[in-house]
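Novice:
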Amino acid sequence: MSVSSYLVAALPPGLNIEILAFALGISVLAGTVKGMVGFAMPMILVSGLSMFLSPEIALAGLILPTVVTNGMQALRQGTAAAWQSIKRFRIFLLVGLVFLLASAQLVRVLPQGIMLLVIGVLVTIFALMQLMGRSIPMTRTNSQTEAVVAAVAGFIGGLSGIWGPPTVAYLTALGTEKHEQMRVQGVIYGLGAMALLLAHIGSGVMRAETAPFSLMLVPPAIVGMWIGGLLQDRINQATFRRATLVVLLLAGANLLRRGLMY
Numbered sequence: 001m002s003v004s005s006y007l008v009a010a011l012p013p014g015l016n017i018e019i020l021a022f023a024l025g026i027s028v029l030a031g032t033v034k035g036m037v038g039f040a041m042p043m044i045l046v047s048g049l050s051m052f053l054s055p056e057i058a059l060a061g062l063i064l065p066t067v068v069t070n071g072m073q074a075l076r077q078g079t080a081a082a083w084q085s086i087k088r089f090r091i092f093l094l095v096g097l098v099f100l101l102a103s104a105q106l107v108r109v110l111p112q113g114i115m116l117l118v119i120g121v122l123v124t125i126f127a128l129m130q131l132m133g134r135s136i137p138m139t140r141t142n143s144q145t146e147a148v149v150a151a152v153a154g155f156i157g158g159l160s161g162i163w164g165p166p167t168v169a170y171l172t173a174l175g176t177e178k179h180e181q182m183r184v185q186g187v188i189y190g191l192g193a194m195a196l197l198l199a200h201i202g203s204g205v206m207r208a209e210t211a212p213f214s215l216m217l218v219p220p221a222i223v224g225m226w227i228g229g230l231l232q233d234r235i236n237q238a239t240f241r242r243a244t245l246v247v248l249l250l251a252g253a254n255l256l257r258r259g260l261m262y
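In this text, residue positions in the sequence shown follow the UniProt record's numbering: the first is 1, and each later residue adds one.
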């Protein structure tokens, strides 16, 4: 049996080698963007894979690449650096986690479409203001402000599964140095990705039929992360900030699209 035959045999029903090739290309793109600015992998994978796969298969596909690449991102400068970032942003991490877990219980009560629109509007306005040079000053010495922002990000994340854009908006407003921003995002998203994996093992989305497809998307995602990491190393802080805001603007627009279509 040829390699392609083995691959097709491992795919969920309805997938073929041409669709797999396209999915691998999307995974490389998602990894490249994440490697450069630290986020947007789930957005790119879900948007791309959903064009030719069911929402369930698309969701299953993004889980393992997200877990692996977030671990790489958090540990790129080593465990000591990652631990320092965890300690520095411990209030944000702890408060955000508490509100994420609490608000997850409200998913069946509050309309998700409205939440997506609210997040999309806020993120889009923030990105546009920043790109236009309208700064939003924020200081890390105010732990109350950090806790409030973390609560909002966690609350939104628990309801919609989308905690990336609010977190990036906060870190960008702080003017966080690019390597530390990447590490903090990797830690936050890594914890969320592990929770997502466990939740969908329980839900049945991640199962014997879908896990091989998700596993196949890991190597191209890693290649993309490597490419994105090279690009990030070559750009200065100002360019990194602008690239982050552009991707954040696209993320906001995508949230608005999803909210309107919900």
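Built from N, CA and C at the ideal position, the CB exists for glycine as well.
Report buried or exposed for L100, applying the criterion of at least 16 other Cβ atoms within 10 angstroms of its Cβ.
Specialist: When all chains shown are included, L100 counts as buried.
Novice: S27 lies in the alpha helix (DSSP H); which residues open and close that run?
Specialist: Per DSSP, S27 belongs to the alpha helix (DSSP H) from 17-37.
Novice: Say whether the stretch 228-248 touches the stretch 34-44, bearing in mind that this needs 3 or more beta-carbon pairs closer than 8 Å, one atom from each stretch.
Specialist: Yes, the stretch 228-248 is in contact with the stretch 34-44.
Novice: Can you name, in chain order, every residue of its own chain whose Cβ lies under 8 Å from the Cβ of L117, other than the five neighbours on each side?
Specialist: For L117, where only same-chain residues beyond five positions count, the Cβ hits under 8 Å are L255, L256, G259, L260.
Novice: Does DSSP put E56 in a helix, a strand or coil?
Specialist: Looking at E56 - three-state DSSP - the assignment turns out to be helix.
Novice: May I ask which residues mark the beginning and end of the alpha helix (DSSP H) holding V205?
Specialist: V205 -> no alpha helix (DSSP H), and no H or E assigned at all.
Novice: Please classify R242: does DSSP put it in a helix, a strand, or coil?
Specialist: In this structure, R242 counts as helix in the three-state DSSP scheme.
Novice: Hey, I17 and F52 are a contact pair by Cβ (cut 8 Å); roughly how many whole angstroms apart?
Specialist: Actually they are not in contact, since the Cβ atoms of I17 and F52 sit about 13 Å apart, beyond 8 Å.
Novice: Helix, strand or coil: how does DSSP classify I188 here?
Specialist: Reduced to three states, the DSSP call for I188 is helix.
Novice: Which word fits N70, buried or exposed, when buried means at least 16 other C-beta atoms lie within 10 angstroms of its C-beta?
Specialist: Answer is buried; the Cβ neighbour count reaches 16.
Novice: Beta-carbon within less than 8 Å of A40's beta-carbon, same chain only, minus the 5 sequence neighbours each way: which residues are those?
Specialist: Result list for A40: A30, V33, K34, G164, V247, L250, A251, in chain order.
Novice: Note down, in chain order, each residue of its chain lying with its Cβ closer than 7 Å to the Cβ of A169, except the 5 sequence neighbours on either side.
Specialist: Counting only Cβ-Cβ distances below 7 Å, and skipping sequence neighbours, we find V123, F126, L248.
Novice: Check M216 in the structure and name its three-state DSSP category.
Specialist: In this structure, M216 counts as helix in the three-state DSSP scheme.
Novice: Just the C-alpha distance for A60 and I86, rounded to the nearest angstrom, thanks.
Specialist: Between A60 and I86, the C-alpha separation is close to 28 Å.
Novice: For V67 versus A193, is the C-beta spacing smaller than 7 Å?
Specialist: For V67 and A193, yes; Cβs fall inside 7 Å.
Novice: Which stretch, first to last residue, makes up the alpha helix (DSSP H) that contains I44?
Specialist: Residues 41-49.
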